Amino acid sequence: MNLEDIKKEAAAYRYKDVKSLSEKVTELKNKGVSFLGCVAFVQTNQNIPLDKARELTVSLDTYNEEEKERIEAAYQLMLSEFKEEE
25 MNLEDIKKEA AAYRYKDVKS LSEKVTELKN KGVSFLGCVA FVQTNQNIPL DKARELTVSL
85 DTYNEEEKER IEAAYQLMLS EFKEEE
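So our numbering is basically just the index in the sequence shown, starting at one, shifted up by 24.
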């Protein structure tokens, strides 16, 4: 799925609760959608800022603890590299 397809699916998806959102993101993940694609889905569907979408996506049951640790490590690395450039 490309970003445009992900955003279309997010716009069409009717949010019920966090559990159903988690199930939908898990479905996307199982179809091969990357973490960033899942964040884009959540951001579009919930109409929230990118940082909040990342936090919400990580908090879903979609990702196990090992995956969440890798995601957080990559995020912290990105932040540290960004700060070094300032």
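Even glycine gets a Cβ: it sits at the ideal position worked out from N, Cα and C.
Keep in mind that this is a model prediction, so the values were computed, not measured.
Tell me the rounded alpha-carbon separation between residue i and residue j.
i	j	result
F106	E96	15 Å
T68	K31	6 Å
S104	R94	15 Å
Y37	K43	14 Å
D75	Y99	11 Å
I72	E90	26 Å
Between residue i and the rest of its own chain, which residues show a CB-CB distance below 6 Å, the 5 nearest in sequence each way excluded?
i	result
L84	S46, V49
A77	V63, V66, Q67
In its own chain, which residues sit with a C-beta less than 8 Å from the C-beta of residue i, not counting the 5 before and 5 after it?
i	result
Y39	L45, N69, Q70
S27	Per the sequence shown, the amino acid found at residue 27 is Leu instead of Ser. Answer for L27: G61, A64, listed in chain order.
T5	This structure does not reach residue 5, given that the chain is present from 25 up to 110, and the question cannot be answered.
To the nearest whole angstrom, what separates the beta carbons of residue i and residue j, a pair I think is in contact under 8 Å?
i	j	result
V66	T81	5 Å
M25	K55	7 Å
So, for residue i: in the same chain, excluding its five sequence neighbours on each side, which residues have a beta-carbon less than 7 Å away from its beta-carbon?
i	result
K92	V82
Please report whether the beta-carbon of residue i lies at a distance below 9 Å from any beta-carbon of chain B.
i	result
F59	The structure shown contains no chain B, having only a single protein chain.
**Study point:** Segments of 4+ residues assigned as alpha helix (DSSP H) that fall wholly inside the stretch 45–92
**Key:** 59–70, 74–83
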